[in-house]
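Going down the list, the protein sequences come from chains A and B. Under full-length UniProt numbering, the residues of the first sequence are numbered 1 to 273, in order. Under full-length UniProt numbering, the residues of the second sequence are numbered 1 to 345, in order. Below is one structure, written out as structure tokens, with a few remarks after it.
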Amino acid sequence: MVLCVNNVSVSLERSRIVDGIDCQLKAGELLMLLGPNGAGKSTLLKAISGDLPYGGSVTLSGRELGQWRPERLARQRAVMPQRVEVNFPLTVEEVVQLGRPKIASGRSDLVVDELMNELDIGHLRHRLVPGLSGGEQQRLQLARVLAQIIDSPGDRLLLLDECTSALDPAHQQMVLDLVRRLAKAEGMAVLAVVHDLNLAAQFADRLLVMKAGRLVHEGSAREVLTPELLDTVYGFTARVVELEEGYPMVVPRRRGPSSAYTAPVNPSCRQAS
Amino acid sequence: MIRDAAGRLGFAPSLVVALLAAALVALVSITSGAYPLALGDILSVIIGREASDPVASMVLLEVRMPRFLLGFLVGAVLAVSGALLQGLFRNPLADPGLIGVSAGASLAAIAVIVLGNTWLGGWLAMTGEWALPIAAFLGGSCTVLLAWRIANRSGQTAVATLLLAGIAINAVAGAATGLLTFYANDEELRSLTFWTMGSLGHAGWDDLLVGAPFMLLALLAAPWLARPLDAFLLGESVVGHLGYRTDTVKKAAILVVGLGVGAAVAVSGLIGFVGLVVPHLVRQLLGASHRVVLPLSALVGGTLLVAADSLARVVVAPAELPIGLMMALIGGPFFLALLLRTKVI
Numbered sequence: 001m002v003l004c005v006n007n008v009s010v011s012l013e014r015s016r017i018v019d020g021i022d023c024q025l026k027a028g029e030l031l032m033l034l035g036p037n038g039a040g041k042s043t044l045l046k047a048i049s050g051d052l053p054y055g056g057s058v059t060l061s062g063r064e065l066g067q068w069r070p071e072r073l074a075r076q077r078a079v080m081p082q083r084v085e086v087n088f089p090l091t092v093e094e095v096v097q098l099g100r101p102k103i104a105s106g107r108s109d110l111v112v113d114e115l116m117n118e119l120d121i122g123h124l125r126h127r128l129v130p131g132l133s134g135g136e137q138q139r140l141q142l143a144r145v146l147a148q149i150i151d152s153p154g155d156r157l158l159l160l161d162e163c164t165s166a167l168d169p170a171h172q173q174m175v176l177d178l179v180r181r182l183a184k185a186e187g188m189a190v191l192a193v194v195h196d197l198n199l200a201a202q203f204a205d206r207l208l209v210m211k212a213g214r215l216v217h218e219g220s221a222r223e224v225l226t227p228e229l230l231d232t233v234y235g236f237t238a239r240v241v242e243l244e245e246g247y248p249m250v251v252p253r254r255r256g257p258s259s260a261y262t263a264p265v266n267p268s269c270r271q272a273s
Numbered sequence: 001m002i003r004d005a006a007g008r009l010g011f012a013p014s015l016v017v018a019l020l021a022a023a024l025v026a027l028v029s030i031t032s033g034a035y036p037l038a039l040g041d042i043l044s045v046i047i048g049r050e051a052s053d054p055v056a057s058m059v060l061l062e063v064r065m066p067r068f069l070l071g072f073l074v075g076a077v078l079a080v081s082g083a084l085l086q087g088l089f090r091n092p093l094a095d096p097g098l099i100g101v102s103a104g105a106s107l108a109a110i111a112v113i114v115l116g117n118t119w120l121g122g123w124l125a126m127t128g129e130w131a132l133p134i135a136a137f138l139g140g141s142c143t144v145l146l147a148w149r150i151a152n153r154s155g156q157t158a159v160a161t162l163l164l165a166g167i168a169i170n171a172v173a174g175a176a177t178g179l180l181t182f183y184a185n186d187e188e189l190r191s192l193t194f195w196t197m198g199s200l201g202h203a204g205w206d207d208l209l210v211g212a213p214f215m216l217l218a219l220l221a222a223p224w225l226a227r228p229l230d231a232f233l234l235g236e237s238v239v240g241h242l243g244y245r246t247d248t249v250k251k252a253a254i255l256v257v258g259l260g261v262g263a264a265v266a267v268s269g270l271i272g273f274v275g276l277v278v279p280h281l282v283r284q285l286l287g288a289s290h291r292v293v294l295p296l297s298a299l300v301g302g303t304l305l306v307a308a309d310s311l312a313r314v315v316v317a318p319a320e321l322p323i324g325l326m327m328a329l330i331g332g333p334f335f336l337a338l339l340l341r342t343k344v345i
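Here's what the structure looks like:
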């Protein structure tokens, strides 16, 4: 196992945000973490990222996180936070290079080039980061975290917190396709927090669902994404359609009869029509 | 101009230009002043021969040389400290003066001057001739630490809080300085004025011997922080993700700034704007990577301060303007102009 999370709890401001989570992740597996706002997904990810103190045990390649030397750990584990704000005039290429390990291998520039092209930011390499759009910045950060571990020896763990939230649909597909391809080809273990249920259904090997700090469901997209679960966890009604592509799709229903709603119309307009 | 694909100046040509400018300013600084020095005399003294004019040799070795060296070191240290703080706080407005570090260092030094014969007698006995720089160093470090604690309560650097904390720290340090001024006698008062306005006028080899080790140490230590500080530009949590020990880096940077600014304030008093203007200018021309910003800031900062000091000596000759005043006169409008011209800071 690359990652073993055992009975992990996190408390912030005296309230328990993550409560006794267990999960495991093996090499090449893409695990997506779902749940409504405030379920504790990002907090759990931050605990595994080493940003927050936690109770319980988190091991990477069988060794407790706290026992790793920071520079060694950085070669096995990369973290993409929800938001990275850069106020200084660094170029795209410089930021991706920042992800490279201190002792960069001879093919360092090649790796950086390839990743920038894969993520469609190669043409932006000399642009300053503060002038990029939200989606471009998100792809840039993904390139940086991939550059950090992509050619490291041994187990690798990639932690992604809403890595597609600012992307258009085409780039969402491109990014998650790349992550999945790399997971399979390089044997990287990926744990990603996502909100988009259909992206999760399309790309994940396995889904975890959290609610109020606890793990409430775990399994394949077909097992997890059911109308009953969507109702109890998220509180909305939806149909789940099985697609011929081989994964389910969630189609939310509108609340109330759609025809009953008419917008208030200005009387003068009505006369004019 | 030699610019790379990102529209920036190259590091190597910039370094050469900065070194040439530093050499030119050194020459101007050494030749300008009340006593005229012939170029021939200067060359003779530098290569170790007797100058034709014995007074010239004395002026050059005992007055102009230490003043140039001290001015250059102080300018370099202030600029590098500014760059370090800006990286650490991820804020281009952080400056030893703005967040109160200089005021804290100056307050500690003034306390030693005024209370040295009474309450702080033990401190003087313990530290001897190092009393001032060590006190200024401790005052500077404590203030950086205080500003850091206040701005980081929530775990993330709150920029507005940091600057407001700086205002409060400056106010409190100013009030305490005022109180000490109130207690000071005439002689102490004269050396107090020196601290608050900033001056290189008293610079001699003894100042240099006391201050230079601290400042050189700070300058030599700074490059080790370049890579982790680059990571700081992406956010504090990213520093840890990239494998650096965040706390160690922070503490080292705070120590370096306290050490450098403390020593600079101890030998030259309060000199503002170098730490703000110089790294800003360097970043605009060469980009934000600290491996470029730190060495170039040191060179440009030293050059700028020595140039300002030379100017301060000639504008109202035979008297001279305090260098702190001069820097504020140059730096203030310059910084405003930079702010108005640039979109990304």
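Glycine included, every Cβ here is placed at the ideal spot set by N, Cα and C.
DSSP three-state call for residue 165 of chain A: helix, strand or coil? What you label residue 165 of chain A is simply residue 165 of the first sequence in a count that begins at 1. In this structure, residue 165 of chain A counts as coil in the three-state DSSP scheme.
Please classify residue 193 of chain B as buried or exposed, where buried requires at least 16 other C-beta atoms within 10 Å of its C-beta. For the purposes of this step, residue 193 of chain B is taken as residue 193 along the second sequence, with counting starting at 1. Classification of residue 193 of chain B: exposed, given that the 10 Å Cβ count is below 16.
Any C-beta of chain A sitting closer than 8 Å to the C-beta of residue 77 of chain B? Taking the first residue of the second sequence as 1, we reach residue 77 of chain B at position 77. Chain A contact via Cβ: absent.
So what's residue 248 of chain A in DSSP terms, helix, strand or just coil? Counting from 1 along the first sequence, the entry for residue 248 of chain A is found at position 248. Here residue 248 of chain A sits in strand by DSSP.
Do we get a CB-CB distance below 8 Å when we pair residue 253 of chain B with the residues of chain A? The sequence position of residue 253 of chain B within the second sequence is 253, counting from 1. Answer no: the Cβ-Cβ gap between residue 253 of chain B and chain A never drops below 8 Å.
Does residue 192 of chain A have its Cβ less than 8 Å from a Cβ in chain B? The residue given as residue 192 of chain A occupies position 192 in the first sequence. By this cut-off, residue 192 of chain A is not an interface position.
I want to see whether chain A comes within less than 8 Å of residue 344 of chain B, judged by CB atoms only; does it? Position 344 of the second sequence, counting from 1, holds the residue named residue 344 of chain B. Per-residue confidence for residue 344 of chain B stands at a pLDDT of 47, beneath the threshold of 50, marking its modelled position as unreliable; the derived number appears in the next sentence. Yes, residue 344 of chain B lies at the interface with chain A (some Cβ there is under 8 Å from its Cβ).
Roughly how many angstroms separate the alpha carbons of residue 258 of chain B and residue 101 of chain B, rounded to a whole number? Taking the second sequence and counting its residues from 1, one reaches residue 258 of chain B at position 258. Taking the second sequence and counting its residues from 1, one reaches residue 101 of chain B at position 101. Roughly 8 Å separates the two Cα atoms.
Distance, residue 195 of chain A Cα to residue 5 of chain A Cα: Taking the first sequence and counting its residues from 1, one reaches residue 5 of chain A at position 5. Taking the first sequence and counting its residues from 1, one reaches residue 195 of chain A at position 195. Residue 5 of chain A and residue 195 of chain A: Cα-Cα distance of roughly 22 Å.
What separation, rounded to the nearest whole angstrom, lies between the Cα atoms of residue 243 of chain B and residue 72 of chain A? Within the second sequence, numbered from 1, the residue matching residue 243 of chain B stands at position 243. Within the first sequence, numbered from 1, the residue matching residue 72 of chain A stands at position 72. Distance between the alpha carbons of residue 243 of chain B and residue 72 of chain A is about 7 Å.
Three-state class that DSSP yields for residue 59 of chain A in the structure shown: The residue given as residue 59 of chain A occupies position 59 in the first sequence. Strand at residue 59 of chain A.
Residues of its chain near residue 136 of chain B, where Cβ-Cβ distance is below 6 Å and the 5 sequence neighbours each way are ignored: Numbered from 1 along the second sequence, position 136 holds the residue referred to as residue 136 of chain B. Residues 105, 108, 109, 262, 265 and 266 of the same chain have their beta carbon placed closer than 6 Å to that of residue 136 of chain B, with the five preceding and five following residues left out of the count.
Listed in chain order, which residues of the region 217–243 of chain B have Cβ atoms closer than 8 Å to some Cβ of chain A? Taken in chain order, the members of the region 217–243 of chain B whose beta-carbon sits within less than 8 Å of a beta-carbon on chain A are 227, 230, 231, 233, 234, 235, 237, 238, 240, 241, 242 and 243.
Give the interface partners of residue 40 of chain A over in chain B, defined as CB-CB distance under 7 Å, in chain order. Reading the first sequence from its first residue, position 40 is the one you call residue 40 of chain A. Those do not exist, as residue 40 of chain A stays about 17 Å from chain B at its closest Cβ, beyond 7 Å.
Cβ closer than 8 Å: which chain A residues qualify as neighbours of residue 289 of chain B? Reading the second sequence from its first residue, position 289 is the one you call residue 289 of chain B. Per Cβ cutoff of 8 Å: 90 and 94.
Give the DSSP bridge partners of residue 274 of chain A, in chain order. Past the boundaries of the shown model lies residue 274 of chain A; chain A is included only from 1 to 273, so the question cannot be answered.
Residue 217 of chain A: contacting residues in chain B (beta-carbon distance under 8 Å): Along the first sequence, one-based indexing puts residue 217 of chain A at 217. Correct list: empty, because the minimum Cβ distance to chain B is about 29 Å.
Where the beta strand (DSSP E) through residue 77 of chain A begins and ends: Locating residue 77 of chain A in the first sequence gives position 77, counting from the first residue. Unbroken beta strand (DSSP E) run through residue 77 of chain A: 77–80.
Can you name the residues that DSSP bridges to residue 32 of chain A? Taking the first sequence and counting its residues from 1, the one referred to as residue 32 of chain A is at position 32. DSSP output for residue 32 of chain A lists A:192 and A:207 as bridge partner(s).
Can you name the residues of chain A whose CB is closer than 7 Å to the CB of residue 5 of chain B? Here residue 5 of chain B is taken as the residue at index 5 of the second sequence, counted from 1. Within 7 Å Cβ-Cβ: 126.
Should residue 341 of chain B be flagged as near chain A, meaning a C-beta pair shorter than 8 Å? As a position in the second sequence, residue 341 of chain B is number 341, starting the count at 1. Interface criterion not met: the Cβ of residue 341 of chain B is under 8 Å from no Cβ in chain A.
Any C-beta of chain E within less than 9 Å: which residues of the region 77–96 of chain B qualify? Protein chains in the displayed structure are A and B, and chain E is not among them.
Give the residues of chain B in contact with residue 98 of chain A, contact being defined as C-beta atoms less than 8 Å apart. Counted from its first residue, the first sequence places residue 98 of chain A at position 98. Correct list: 230, 231, 234 and 242.
Do residue 239 of chain B and residue 248 of chain B count as a contact pair if the criterion is CB distance below 8 Å? Stepping through the second sequence from its first residue, residue 248 of chain B is reached at position 248. Stepping through the second sequence from its first residue, residue 239 of chain B is reached at position 239. No.
Can you tell me where the beta strand (DSSP E) holding residue 271 of chain B begins and where it ends? What you label residue 271 of chain B is simply residue 271 of the second sequence in a count that begins at 1. Note, residue 271 of chain B: premise wrong, no beta strand (DSSP E); not H, not E.
Count the other C-beta atoms from every protein chain shown that fall within 10 angstroms of the C-beta of residue 274 of chain A, then say buried if there are 16 or more, exposed otherwise. The structure shown does not extend to residue 274 of chain A, since chain A spans only 1 to 273, so no value can be given for it.
Is residue 2 of chain A close to chain B? Criterion is C-beta to C-beta, closer than 8 Å. The residue you call residue 2 of chain A lines up with position 2 of the first sequence. Taking Cβ atoms only, chain B never reaches closer than 8 Å to residue 2 of chain A, which makes this a no.
If you follow the beta strand (DSSP E) that residue 8 of chain B is in, where does it begin and where does it stop? Stepping through the second sequence from its first residue, residue 8 of chain B is reached at position 8. Premise fails: residue 8 of chain B is in no beta strand (DSSP E) and is neither H nor E.
How about residue 89 of chain A and residue 283 of chain B: do their beta carbons lie closer than 8 Å? Against the first sequence, residue 89 of chain A aligns to sequence position 89. Against the second sequence, residue 283 of chain B aligns to sequence position 283. The answer is yes: Cβ separation under 8 Å.
Could you name the residues of the region 254–284 of chain B whose beta carbon sits closer than 9 Å to any beta carbon of chain A, in the order they occur along the chain? 283 and 284
Using a threshold of 7 Å, is the CB atom of residue 251 of chain A nearer than that to any non-hydrogen atom of the ligand HEM? Ligands are entirely absent from the displayed structure, and the ligand HEM is therefore not among its contents.
Check whether the Cβ of residue 1 of chain B lies closer than 8 Å to any Cβ atom in chain A. As a first step, residue 1 of chain B must be located in the second sequence, where it is residue number 1. Bear in mind that a pLDDT of 49 at residue 1 of chain B, under 50, signals an unreliable position, so the number given afterwards is only what the model happens to contain. For residue 1 of chain B, the answer is no, since every Cβ of chain A falls outside 8 Å of its Cβ.
Residue 134 of chain A by DSSP, collapsed to three states: which one? By 1-based counting over the first sequence, the position of residue 134 of chain A is 134. Looking at residue 134 of chain A - three-state DSSP - the assignment turns out to be helix.
Between residue 204 of chain A and residue 30 of chain A, which are expected to be in contact by the criterion C-beta below 8 Å, what is the C-beta distance as a whole number of angstroms? One-based indexing of the first sequence puts residue 204 of chain A at position 204. One-based indexing of the first sequence puts residue 30 of chain A at position 30. Right, the Cβ-Cβ distance comes to about 6 Å (below 8 Å), so this counts as a contact.
Per-residue contacts from residue 245 of chain B into chain A (C-beta, under 8 Å): Reading the second sequence from its first residue, position 245 is the one you call residue 245 of chain B. Near residue 245 of chain B (Cβ distances below 8 Å), the residues of chain A are 70.
Same chain, Cβ closer than 7 Å to residue 231 of chain A, five either side skipped, listed in chain order: The count along the first sequence starts at 1 and reaches residue 231 of chain A at position 231. 237, listed in sequence order.
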